[in-house]
Amino acid sequence: MLKNYITIAYRNLMRNRIFALLNILGLAIGIACAIVIYMYVRQETSYDTFYQKADRTYRLTMDFKLEENLDSNARSSLPIFEKMVREMPEVETATKIREFNQAFIEYENVKLEEKHLWYADEHFFQVFDQRFLYGTATTALSKPNTIVLTESLAQKVFGRTNVVGKTFKIDENKTYEVSGVIADVPYNTHFRFNGLVSMVSLYKTDLYKRWQKCPDCLRIYGYVALKSNTNFSTTQAKIKNLFKKETSKGYLKKVALQPMLGIHLTSKLNGEIQANGNIQFVYTFGAVALLILIIAAINYMNLATAKSMNRAKEVGIRKVMGSYRSQLIAQFLTESLIVVYISLIGGALLVDLLVPLVSQIAPKPLSFKVFDQQFFILLFLGGTFLGIISGLYPAFALSGFKPVKVLKGKFAHQKNAANVRKGLVIVQFTISSILIVSTIIAYQQLRFMQDQSLGFKKDNLLVVSLSTDRMQQKAKVFKQELLNNSQIKSVALTSNVPGSWTPSRNYTRFVNQQTKDTTTIIVPTHGIDYEFVNTMGLKLKQGRNFSLKRPTDSTKAVLINEAMAKKLGWENPVGHQVANFAIKGQIVGVVSDYHFRSLHDKIEPTVYQLMPRKEYYQFALVKVQGKDLSSTLNFIENTWKKFEGNRLYNSFFLDQNFAKQYQADQQREVLFIAFAGLAIVIACLGLFGLAAYTVERRIKEIGIRKVLGASVASIFKLISYNFIVLILLANVVAIPLSYWLMTSWLKDFAYHINISWWVFGISVVLVGLTALLTISYQTIKASLANPVEAIRYE
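In our numbering, the protein residues as written are 257 to 1050.
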C-alpha cells in the first residue's frame, strides 16, 4: 500500500512540476532559515552545559542597598564566601576566581600580551572540569607561582604543548612554572580563559589578608557545586538565614546563589565576567523561525487546496472503487510528507552553503553538522510534524468530496475552501508586514544609538593603555613627554574610558550644608586628572574644574555629573560635603552628562576625583591634531618605547572603541533583515502559485472578456483586485500588532526612538508593490494571450 501511495505521489508531482517546485522551494528556504536560527538558539542555550556538575553549580551573589539605590553584584567577598562554604553541609565543593589583569609574557624571544589570565584556587577543577593534556587536575593549582595554560596559549609561548615544568616570566619580575596544559575552553561558557594562575600565590600577601577581613569588599567570584539531590530552594532559604545577622544591619541586604546555567542569558548584574547574551534575542529569533515555517506551510496548504479541482474526479473514482476516506487521507499526507522530505534535503544543502556566510556576520560563529545524530533525529521529527500539519487540511478537504456530484460534473469550487485560502494569505502577509515594520524600527533604533550625541568630543581621541606597572607609575612623565609634540593638543590620564567602562563602585556620603541631611549611596567613582574635562570636551554646568593651583583638590574635592546632581535633588550641589574611601571634602563642580556605555544603558550618577596616591591611572587620552596623523601616531608609540622598550604597545581611537559596543546589534540586524526578506520571498512564492492557479481557472473567462473588448488594464485589475484586498486586510491586522510588539521591545532601551506613522506607510507600500510584482507576470501573460486559444473548445 505504501509503495502505491509513493508511486501515485511521484506521478502527481511530475504532472504538476511548477506547483511542486514552488512548494519545495518555499519549504526548503523556510526549513533552511529555521535550521540556521535553531543553530543560533541551541548555541545560546548551551552555555556551560558541558561541565559535569553544571546543573548543580551556582555563583554566589551579593546585593547592597543604600536608600533606594540597589547594587546587585556578581562578585562576592572572601569572608561571606568562606563562611558559606564552611557552614553549609549542602556544598560538595567550592572554588573562587579573580581576574589577573592584563599580563605581559616573556619566554626567550617570545613576547606577547595576554588579557585572559585569571587567579583560581586549588579546587577549581573540582567544579569546572577540564580535559588535561598534560599535568594532573588535583595538584595543578596547589602550589604558589604555578600556572595552567590552555593548549593554544602554550603553543603561542613555547611552540609546543608538552611544557609542564617549564617556566616563563610575567610582567618582567614574576616567574611562573607551568603545572598543567588543558584543551582550549569551549566558546560557549560565561567564563573563558587562556591561563589560570594559582591563587595560592596570594594567600600570604597583605592584600589577601585584608580581603579576608572585609565583608563588603567584592574581590572574588565564588562558585559552589551542591551535593546531588540537594533541594535548591531549601538551600537558598538556609543561606538567607545563615547571613541574617550580616543583612539585618549595614548595607548588605542579600546573599544568594545564582544557577550557573542561567548566567549567560538572564544575568545582568554589576561586575559580570563578560558581556552576556540576551534571552529576548533568543525568543525573537525563535519566533521568526516559527513564523517563517508557518508561511512556508501555508504555501503548501494553499496550493494543494487550490489544485483540488484537478483531482476531484480522481477522488470520486477512488471512492466508487471502494477507497475509504482514511486511505485517501493517508495518500494525500504521503504526498505532503514526500514534498517536505525533499524540502528537508534542499534545506540542509542550503544551510551548508549559508552557514559560512552567516558565521561572518553572526555575533558568534555557527557550526553545522548534518550527520549529528541528535540534529538528524530532530530534523526528521520536525519535518514529519511539518509535513503532517501542512498536509492535514488539504487531505481532509480532498477526501471529503462527494463522488456522485463529482462524477456527474456537478461539483463546484468550494466556497469554504476559497475562504480558508484567503484567510491563510492574510496570515502570510500579516506576518510579512510585521517583520518589515519590525526590521525598519530596529534599524532606526540602531541608527539612533549610533548617531546620538554622546556628550563628549570623541573625534581624534587616541587611547593608550597603560597596561604595565612601570607605565602606570610613570604615567605623568609619559604625559609630559607627549605634550612636547605640537601635534598633540592635550593629554589626560584616567582610570576608565567610554566604551570600556568598568568603574569601581564605592560608598559615598553626601551632606547638605544647609539642612545637614545625609545621603549615603554606592556610586561609580571615576579617577581622572586635571586635563580630563577639557580633553573630553565636557562642559562645566556649575562650579569649577580641578586646579593645579589648589593642592588640596587631590584629597578634598570631587566633581559630579548632572545625573548625580539630579539624584541628590539639590538645586546647587557645589559646596556641599562629600566623603568616601579617599576624599573628605566638598563638591567643587558639576560636569555635563556623557555616555560611558552604549545607549542600551542609562547614564549613571557618577563621582569624579583625582586619582588617590596609592592607585594608578589605566589609560592616557591623547587629543591629536594636524594633518600628519601617521607621524603623530609614530611619535606616541616611540615615546612609549622609551619607557617600555619592546613591550607591546596598545592604542585605539575612542570613537572606534565605542562603536564596537554596537557590533553585535549590527550583526543581529543584518540577520533579521535577511530572515525577514526570505520570509517575504516565501510568501511571494505562494502568491505566485495562487496567481497562476487563478489565471488557469479563469482562462476561458479572460478569453471571453477579451473577445468582448476588455483591455489589458481591466483584465489586470480583474485578476489583481482580490489579491490586493487581501494584502490591505493583512496590513490592517499587522499595523496594531507590530506597533504593540515594537513598543514593548523599545522599552528595553534606556534611550529610544518614537515610532513614526510613516514606518507603517512604508510597510504597506513595500508589501503592496511586492505582491503586485509577484502576480503581475501571470496576470499580464493572461491579458496578452490569444483569446482564441482559451475558448477554442467552447
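Just so you know, even glycine gets a beta-carbon here, dropped at the ideal spot from N, CA and C.
Residue from the options whose Cα sits closest to the Cα of residue i
i: Tyr296; options: Lys500, Thr808 and Val611; result: Val611
i: Ala560; options: Val1020, Arg273, Glu827 and Ser582; result: Arg273
i: Thr540; options: Phe928, Trp826 and Leu974; result: Phe928
i: Phe852; options: Ile598, Thr750 and Cys940; result: Thr750
i: Ala651; options: Leu613, Tyr597, Val1021 and Gln587; result: Gln587
i: Pro442; options: Lys962, Asp884, Pro621 and Asp462; result: Pro621
i: Lys745; options: Gly825, Ala821, Val878 and Phe734; result: Val878
i: Arg298; options: Leu794, Tyr363, His520 and Gly282; result: His520
i: Leu517; options: Ile291, Gln770 and Asp311; result: Asp311
i: Ser742; options: Leu397, Ser887 and Val595; result: Ser887
i: Gln530; options: Lys371, Thr1026 and Asn978; result: Lys371
i: Arg581; options: Asn716, Tyr303, Ile955 and Leu648; result: Leu648
i: Thr895; options: Ala731, Val844, Met270 and Arg954; result: Ala731
Within 8 Å, strictly: CB atoms of residue i and residue j
i: Ile438; j: Thr406; result: yes
i: Thr402; j: Ala410; result: no
i: Ala876; j: Leu722; result: yes
i: Leu334; j: Val480; result: no
i: Ile692; j: Leu982; result: no
i: Val434; j: Gly421; result: yes
i: Leu866; j: Ile784; result: yes
i: Ser408; j: Asn444; result: no
i: Val719; j: Asn890; result: no
i: Tyr459; j: Phe384; result: no
i: Gly793; j: Ala813; result: no
i: Gln684; j: Ala939; result: yes
i: Leu642; j: Ile285; result: no
i: Arg331; j: Gly506; result: no
i: Leu984; j: Ala552; result: no
i: Val968; j: Ser1032; result: no
i: Lys805; j: Val847; result: no
i: Ile291; j: Val595; result: no
Neighbourhood of residue i by C-beta distance below 7 Å, restricted to the same chain and skipping five residues each side
i: Leu600; result: Ile287, Leu635 and Gly639
i: Ser854; result: Met705, Gln917 and Tyr918
i: Asp725; result: Asp427
i: Glu346; result: Leu482, Lys483, Thr486 and Thr491
i: Thr423; result: Thr431, Tyr432 and Glu433
i: Cys473; result: Ser333 and Trp467
i: Phe337; result: Leu316, Lys352, Ile476 and Gly478
i: Arg387; result: Ile438 and Ala439
Own chain partners of residue i with C-beta closer than 8 Å, once the 5 adjacent residues on each side are dropped
i: Tyr1049; result: Caution applies to Tyr1049, whose pLDDT of 49 falls short of 50 and renders its modelled position unreliable; the value that the coordinates give is listed next. Taken in chain order, the list of residues that qualify is empty.
i: Gln492; result: Ala512 and Leu513
i: Ile1009; result: Ile697, Gln700, Gln701, Phe704 and Leu1002
i: Thr1035; result: Ala947, Val951, Ile971, Phe972, Ile975 and Ser976
i: Asn558; result: Arg677, Leu680, Val681, Gly942, Gly945 and Leu946
Residues that residue i bridges to, as DSSP identifies them
i: Thr774; result: Val767
i: Leu373; result: Gly451
i: Gly391; result: Gly436
i: Met318; result: Asn329 and Val511
i: Glu362; result: Lys367 and Lys425
i: His782; result: Tyr864
i: Val404; result: Gly436 and Leu452
i: Thr349; result: Ala481
i: Phe909; result: Leu718
i: Thr313; result: Ala481
i: Asn762; result: Val779
i: Val880; result: Ile744
Same chain only: Cβ atoms within 6 Å of residue i, ignoring 5 sequence neighbours per side
i: Pro780; result: Pro759, Arg761, Glu860 and Thr862
i: Tyr1007; result: Leu855
i: Leu904; result: Glu369
i: Glu502; result: Leu508
i: Ser1012; result: none
i: Val419; result: Ala410 and Val434
i: Asp1004; result: none
i: Asp319; result: Ser328, Lys509 and Lys510
i: Ala1041; result: none
Inset, instruction - Examine the Cβ distances between the segment 349-361 and the segment 542-557 and report whether three or more of them are shorter than 8 Å. - result: No: the two stretches stay apart, fewer than three of their Cβ pairs being nearer than 8 Å.
Inset, instruction - Determine, using beta-carbon pairs with one atom in the segment 792-805 and one in the segment 825-834, whether at least three such pairs fall under 8 Å. - result: Counting Cβ pairs under 8 Å, three or more are found: they touch.
Legend entry - the segment 696-711 contacting the segment 942-960, beta-carbon criterion three pairs below 8 Å: Flag = no, the segment 696-711 and the segment 942-960 do not touch.
Legend entry - Given 8 Å, three or more beta-carbon pairs between the segment 1020-1027 and the segment 982-1000: Taking 8 Å as the limit for Cβ pairs, the verdict is that the segment 982-1000 does touch the segment 1020-1027.
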